[in-house]
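Residue numbers 51 to 294, in this note's numbering, belong to the letters of the sequence shown in order.
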Amino acid sequence: PNVPFFYRAAWEKGLGHALSYKMGLFYPQALSSALPVLALGPRPKDLILDMCAAPGGKTTYMAQLTGDSSLIVANDRNIGRLTSLTSNIKRLGITCVVVSSISGEQFPPQERFHKVLLDAPCSGEGKYRLDREGRVLFRAEGHTNLPAIQKGLIVRAFDTLIPGGTLVYSTCTLNPMENEDVVTYLLKKRPAMVAPWSPPLKSHPGLLEFNGRAFSKEVRHARRFYPHEIYSVGFFVAKIIKPR
């Protein structure tokens with residue numbers, strides 16, 4: 051695939067038992083998991099917040115893209131999931147990550163981060179996908195009242211940005227009420243702008259309407275990725291800028 055540092059494995063089972071995995075030479079994850087990070091565009095010396103970071107695939111990918119020379123605050127409120135996050139950071143030999151455990155909605159709102167990644171908890175509808183034999187695969191997530199949680203998270207994530215900073219909001223669901231409606235909510239609450247970007251995989255613009263509910267015209271700059279077109283987990287990605 052045309053994604054930096056990503057290689058498609060011929061098989062999926064047993065990768066975690068490989069010696070090269072234990073040596074920290076790779077991290078197995080879905081191809082589409084790279085998309086929010088590519089939209090964010092992390093660079094060396096950036097101060098970055100990964101607000102819902104566990105188990106760490108996107109955190110560690112950002113560290114790799116920046117040559118382990120940015121400073122990444124990897125946050126997750128779930129202590130149990132942080133165990134996986136810290137384990138992956140150690141296994142991969144990453145030194146630029148600081149781990150915290152704070153509820154995202156209560157994260158200190160001081161404007162200090164150049165870039166923020168909010169890969170929000172979601173219903174996981176995008177996890178419908180086809181495997182190599184054409185079978186449909188799905189893994190459900192057990193969350194409730196998700197749009198309200200997502201709206202609280204996106205506003206707080208935006209508030210932690212410096213002027214001119216970049217926020218990427220992403221989910222692995224295709225539900226517009228967890229995607230376009232959440233971004234529209236932020237646009238009503240804060241002086242945010244949705245920026246266009248060019249992903250390396252086939253995508254579609256954000257929806258402007260769903261079931262009679264209109265969304266901000268700016269969400270057309272967000273990108274939707276469908277499982278049957280990219281043969282990976284479906285995703286929604288919006289790149290958001292805080293004005294200077």
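Heads up, the beta-carbon is just placed ideally off N, CA and C, and yes, glycines get one too.
Please read all numbers here as calculations on a predicted model, not as lab measurements.
With DSSP run on the structure shown, which of helix, strand or coil describes residue i?
{"i": "Pro246", "result": "coil"}
{"i": "Phe273", "result": "Correcting the residue identity first, residue 273 is Arg in this sequence and not Phe. Residue state, collapsed to three classes: strand."}
{"i": "Gly130", "result": "helix"}
{"i": "Thr216", "result": "strand"}
{"i": "Met112", "result": "helix"}
{"i": "Leu13", "result": "Here the chain has residues from 51 to 294 only, and residue 13 is not among them."}
{"i": "Lys72", "result": "helix"}
{"i": "Gln79", "result": "coil"}
{"i": "Glu279", "result": "helix"}
{"i": "Arg58", "result": "coil"}
{"i": "Gly202", "result": "helix"}
{"i": "Gly174", "result": "coil"}
{"i": "Gly107", "result": "helix"}
{"i": "Gly66", "result": "helix"}
From the DSSP output, which residues share a beta bridge with residue i?
{"i": "Asp100", "result": "Ala124, Leu167"}
{"i": "Thr221", "result": "Phe286"}
{"i": "Leu211", "result": "Phe163"}
{"i": "Ile291", "result": "Thr216, Met243"}
Looking only at its chain, what residues have a beta carbon closer than 7 Å to the beta carbon of residue i, apart from the 5 residues adjacent to it on each side?
{"i": "Pro293", "result": "Pro213, Pro241, Met243"}
{"i": "Ile144", "result": "Thr110, Ala113, Asp118"}
{"i": "Phe56", "result": "Leu81, Ala84"}
{"i": "Val149", "result": "Ala124, Leu132, Leu135, Thr136"}
Can you list, in chain order, the residues of its chain whose CB lies under 6 Å from that of residue i, leaving out five sequence neighbours each side?
{"i": "Gly256", "result": "Glu230, Val269, Arg270, Ala272"}
{"i": "Trp247", "result": "Ala89, Lys289"}
{"i": "Asp96", "result": "Ser120, His164, Lys165"}
Residues in its own chain within less than 8 Å of residue i by CB, not counting five upstream and five downstream?
{"i": "Gly66", "result": "Pro78"}
{"i": "Pro249", "result": "Leu85, Leu88, Ala89, Arg273, Phe275, Val287"}
{"i": "Gly154", "result": "Met101, Cys102, Asn125, Arg127, Leu168, Gly202, Leu203, Arg206, Ala207"}
Using only the alpha-carbon positions, how far apart do residue i and residue j sit?
{"i": "Arg263", "j": "Ser70", "result": "49 Å"}
{"i": "Ser266", "j": "Lys63", "result": "42 Å"}
{"i": "Leu75", "j": "Lys108", "result": "16 Å"}
{"i": "Ala207", "j": "Val166", "result": "7 Å"}
{"i": "Lys201", "j": "Lys72", "result": "38 Å"}
{"i": "Lys252", "j": "Gly106", "result": "25 Å"}
{"i": "Ala198", "j": "Asn138", "result": "30 Å"}
{"i": "Arg131", "j": "Met227", "result": "26 Å"}
{"i": "Lys239", "j": "Leu135", "result": "32 Å"}
{"i": "Ile98", "j": "His278", "result": "32 Å"}
I'd like to know whether the C-beta of residue i is nearer than 8 Å to at least one C-beta of chain B.
{"i": "Trp61", "result": "Going by chain labels, chain B is absent from the structure shown, which holds only one protein chain."}
Counting only runs that start and end within the segment 223–268, where is the beta strand (DSSP E) found for 3 or more residues in a row?
Fully enclosed beta strand (DSSP E) runs of 3 or longer: 243–245.
For a minimum of 3 consecutive residues, which ranges assigned as the beta strand (DSSP E) are wholly contained in the segment 134–163?
Counting only runs of 3 or more residues that sit fully inside the segment 134–163, the beta strand (DSSP E) segments are 147–150, in chain order.
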